[in-house]
Amino acid sequence: MNLNFRTPLVKALATLSILSASAVLAGCGSSDAATMPETPTTPTTVVLVHGAWADGSSWSKVTPLLQQRGLKVISVQLQRASLAEDAAIVRRAMEGVTGQVVLVGHSYGGAVVTEAGIDAKVATLVYVDAFTPGDNESITDILSPYPAADWQKTLLQDSKGYLSLPLDTYVKTFASDLPVADATLMSTYQGPIFYHVLDDKVTNAAWKTKPSFFVMGSNDMIIPPQFQQGEAARIKSTKVTSIPGASHISMVSHPTEVANVILDAVTSVHGL
């Protein structure tokens, strides 16, 4: 009689112990999940740097797409009289920034952000249809192993040594995927570049120590896509994006695709 009583009692106590232990373990799991820290976001400003034969308005379609995501945006205006001066303009633009910077450069602006990007505020670089010289290299240096492109032969030089593109080259080569009327309008506010700027050398290439993203148009007739692919491989870009059919000004003709690459760069450094 006594044994028969103890057997169900022991089984009941054992079952109760198992249920209690399970509850404790379940509680521990829930507590850990609830207290898992989230990766904090960092206030981020995107600084956009235009190239030669364009100006800050070339980012006018990309800018609102970034602002809609809560990002601060600065679009600089370069002088294009020297690489050092243009890099200084970018650094001044970053002086008042609170938080980190994602620095974006188009075409010649790629050389500018390569020079200016060593600033401690810069978290990552984005190159758009761009040149990426290394230490003690100029744009002329990295192009010198290749024959001059047809567009280079059409450059117009004024009495002060500033270079501009003729209308025909601008419409058919520089902005080939824009409607003719839009490309023609854009050509009227192209910013000439002093010829010697193309020979100015980068002193300390930021891409050696900063991560980078690269986006290019598959139909870029100013900087061949194959050349840009080689640049991206050389600087070990985190992500390389080719936009089908896009010209040298992919940020004008395909702003959403370019903005998405910039947003990927922002996300990669936990920015907002």
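In mature numbering (1 follows the signal peptide of the UniProt record, and there is no 0), the protein residues as written are -26 to -1, 1 to 246. No residue lacks a Cβ here, since even glycine has one placed at the ideal position from N, Cα and C.
- In summary, residue 154 is exposed, with fewer than 16 beta-carbon neighbours lying within 10 Å of its beta-carbon over all protein chains present.
- Inclusion of residue 59 and residue 177 in the CB contact set at 8 Å is not warranted, their separation being larger than that value.
- By the neighbour-count criterion, in which 16 or more other beta carbons inside 10 Å mark a residue as buried, residue 170 falls on the exposed side.
- Contiguous beta strand (DSSP E) elements confined to the stretch 193 to 218 occur at 213 to 217, taking only those with 3 or more residues.
- Straight across, the Cα-Cα distance linking residue 71 with residue 149 is about 32 Å.
- For residue 41, there is no enclosing beta strand (DSSP E); the enclosing alpha helix (DSSP H) covers residues 36 to 41.
- With contacts defined by Cβ atoms closer than 8 Å, residue 63 and residue 53 form a contacting pair.
- As far as DSSP is concerned, residue 226 takes part in no beta bridge.
- Within the same chain, and ignoring the five residues on either side of residue 172 in sequence, the residues whose Cβ sits closer than 7 Å to its Cβ are 112, 113, 114.
- Pairing residue 40 with residue 21 gives a Cβ-Cβ distance that is not under 8 Å.
- With 16 or more other Cβ atoms from the protein chains shown falling within 10 Å of its own Cβ, residue 143 counts as buried.
- Looking only at 199, 188, 201, the smallest Cα-Cα distance to residue 210 is reached by 188.
- The three-state secondary structure of residue 32, taken from DSSP, is helix.
- By the CB criterion at 8 Å, residue 36 and residue 229 fall inside the cutoff.
- Each residue's CA atom was taken as its position, placing residue 245 and residue 133 some 46 Å apart.
- Take the alpha-carbon of residue 166 and the one of residue 30: they are about 13 Å apart.
- When the beta-carbon positions are compared, residue 164 and residue 55 stay at least 8 Å from each other.
- Annotated as proximal: residue 180 and residue 99, with beta-carbon spacing under 8 Å.
- In this structure residue 83 is buried. Its beta-carbon is surrounded by 16 or more other beta-carbon atoms within 10 angstroms.
- Your pair residue 191 and residue 161 does not check out as a contact, with CB atoms roughly 18 Å apart and the cut at 8 Å.
- A direct Cα-to-Cα measurement between residue 194 and residue 221 gives close to 4 Å.
- Judged by DSSP in its simplified three-state form, residue 176 adopts coil rather than helix or strand.
- Between residue 128 and residue 196, the C-beta spacing is not below 8 Å.
- The alpha-carbon separation between residue 182 and residue 24 amounts to approximately 22 Å.
- When beta bridges are read from the DSSP output, residue 131 appears opposite 137.
- Secondary structure note for residue 101: its beta strand (DSSP E) is the uninterrupted segment 96 to 102.
- Counting C-beta atoms within 10 angstroms of its own C-beta, residue 107 has 16 or more neighbours from the protein chains shown and is therefore classed as buried.
- Secondary structure at residue 154: helix, using DSSP grouped into helix, strand and coil.
- In this structure, residue 92 keeps its C-beta atom at 8 Å or more from the C-beta atom of residue 105.
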